[in-house]
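In the working numbering, the protein residues as written are 495 to 871.
Even glycine gets a Cβ: it sits at the ideal position worked out from N, Cα and C.
Nothing here was measured: the structure is a model prediction, and the numbers come from that model.
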Amino acid sequence: MEKRDYYEVLGVPANASAEDVKRAYRKGALKYHPDNFKGEKVEGETRFKELAEAYEVLSDPMKRQRYDRYGHEGLRGAGMHDFSTMGFGDIFSMFEDIFGGAGGGMGGREGPDRGLDLETEVELTLEQVATGVDHTIEFERVDLCESCHGTRSTPEHPPDKCGACGGYGRQQQQVRSIFGVSVRIVPCRKCQGTGVIVTDPCKKCRGSGRGKKRRVLTVHIPAGVQEGQMLRVSGEGEPNTTGTARGDLHCYIRVREHPLLDRRGADLVCQVPISFSVAALGGKVQVPTLAGPEEVDVPAGTQHGEVLTLKNRGLPTPGGRGAGSEHVVLLLEVPTKLTAAQRSALQEYAHVEAGDAMKNRKGFLDKLKHYFDRERR
495 MEKRDYYEVL GVPANASAED VKRAYRKGAL KYHPDNFKGE KVEGETRFKE LAEAYEVLSD
555 PMKRQRYDRY GHEGLRGAGM HDFSTMGFGD IFSMFEDIFG GAGGGMGGRE GPDRGLDLET
615 EVELTLEQVA TGVDHTIEFE RVDLCESCHG TRSTPEHPPD KCGACGGYGR QQQQVRSIFG
675 VSVRIVPCRK CQGTGVIVTD PCKKCRGSGR GKKRRVLTVH IPAGVQEGQM LRVSGEGEPN
735 TTGTARGDLH CYIRVREHPL LDRRGADLVC QVPISFSVAA LGGKVQVPTL AGPEEVDVPA
795 GTQHGEVLTL KNRGLPTPGG RGAGSEHVVL LLEVPTKLTA AQRSALQEYA HVEAGDAMKN
855 RKGFLDKLKH YFDRERR
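Pasting the structure below:
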């Protein structure tokens, strides 16, 4: 069967960063993991092999460069593994060290015995960003089976110690290279790094030792967080294979759009319409702030688009040192409908204004005539 493009397999663009490639592989590997994949076993193993092969190439700068230049043909003899002949367990063991853990550490931080990290989103209002908030989060995670507590066995027949690794879950492996023979420690293939062999699988989890659980917890969100910022909640991810260490929960912040205020870092911006009379004569106008409406003075002679700055009405600055400002953009509002009294008053004003305009115009025309007379000399 013709091989698919490796970038297409991982679902990343050709200019994807190394971190994007790793993240895409992690996501796909989790999807086709036997504990998670709900489809046919053969399809899951095939997809996993395809993902592993694509990741082996795109995570290696030299192989990726050859692939980008020559395609699949350029990788012949480049030290590629033959994934078509490898078993699912072999591939899983080979790549689990990249992500940590034996069979359960993909997606976690560096460290052999740590479980998976999880991700969720937290949506906040701008008012909550200003003050900070204790937010309740509900999410689902794969956890230890309530019946066997992660042992994968029935209580009557607990798991036996693996004879291949003596219960350690790790084995020595000799590696030959041009520099000679070296020894490295790898997960035991017989027990998949668990150190035990299950003879009587748990009926509830079917020997996986896992089950999906709903989790509810309260997380404190500090004031001043940014859109897209990630907060880490330690130990709220999924457990490793032995249940001794959990991954973390990554909470990504989303800030709901405010109907009147726009955020600019720690500053806020709002647009407030004012009447012609207030702009000309000065007056007071109500301005929306995160603490509620506030009355501010508009100086006489204010022009359309002028900005009033309210100090310390913005959001907390990084480090908790003070707060930003709120910038109020004043927009001159022209009425579309006038009462008889308003029209009469404006007509009288227009009449007076026209007289002033004629004086100004006469002065301007005199200046214009004087300019052209000077140019003709």
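8 Å or more divides the Cβ of Cys-682 from the Cβ of Gly-657. The DSSP-derived three-state label of Asp-761 is strand. Here Phe-531 carries a coil assignment [DSSP, helix/strand/coil].
Taking a cut-off of 8 Å on C-beta distances, the stretch 709–718 touches the stretch 621–634, as three or more cross pairs fall below it.
Non-local C-beta neighbours of Glu-617 in its own chain, meaning closer than 7 Å and more than five positions away in sequence, comprise Arg-748 and Arg-750, ordered along the chain.
Around the C-beta of Gln-686, 16 or more other C-beta atoms lie within 10 Å, and the residue is accordingly described as buried. The criterion of a C-beta distance shorter than 8 Å is satisfied by His-744 and Asp-611. Exposure of Tyr-564 is indicated by the presence of fewer than 16 other C-beta atoms within 10 angstroms of its C-beta. Thr-803: member of the beta strand (DSSP E) spanning 801–804, first to last residue.
Counting only residues of its own chain and dropping the five nearest sequence neighbours on each side, Ala-548 has a CB closer than 6 Å to the CB of Tyr-500, Val-503 and Leu-504. Under DSSP, the beta-bridge partners assigned to Gln-780 are Glu-789.
As a beta-bridge residue in DSSP terms, Ala-817 pairs with Pro-810. A distance below 8 Å separates the beta carbons of Ser-647 and Val-692. Boundaries of the beta strand (DSSP E) around Glu-634: 627–638. DSSP links Gly-705 through a beta bridge to Asp-637. Counting only the Cα atoms, His-651 lies some 21 Å from Cys-659. With the rule of 3 Cβ pairs closer than 8 Å, the stretch 760–771 counts as touching the stretch 816–828. Relative to the Cα of Leu-762, the nearest Cα in the group Asn-806, Glu-513, Ala-774 and Glu-788 belongs to Asn-806.
In this chain, the alpha helix (DSSP H) harbouring Val-503 covers 500–504. The C-beta distance from Asn-734 to Arg-635 rounds to 13 Å, too long to fall under 8 Å, and the pair is not in contact. If you draw a straight line from the Cα of Pro-695 to the Cα of Gly-701, it is about 4 Å long. Here Glu-732 is buried: its Cβ has 16 or more other Cβ atoms, across all protein chains shown, within 10 Å. For the pair Arg-560 and Gly-568, the CB atoms are nearer than the 8 Å cut-off.
When the beta-carbon positions are compared, Val-515 and Leu-545 stay at least 8 Å from each other. Going by DSSP, Arg-683 is part of no alpha helix (DSSP H) at all; its letter is neither H nor E.
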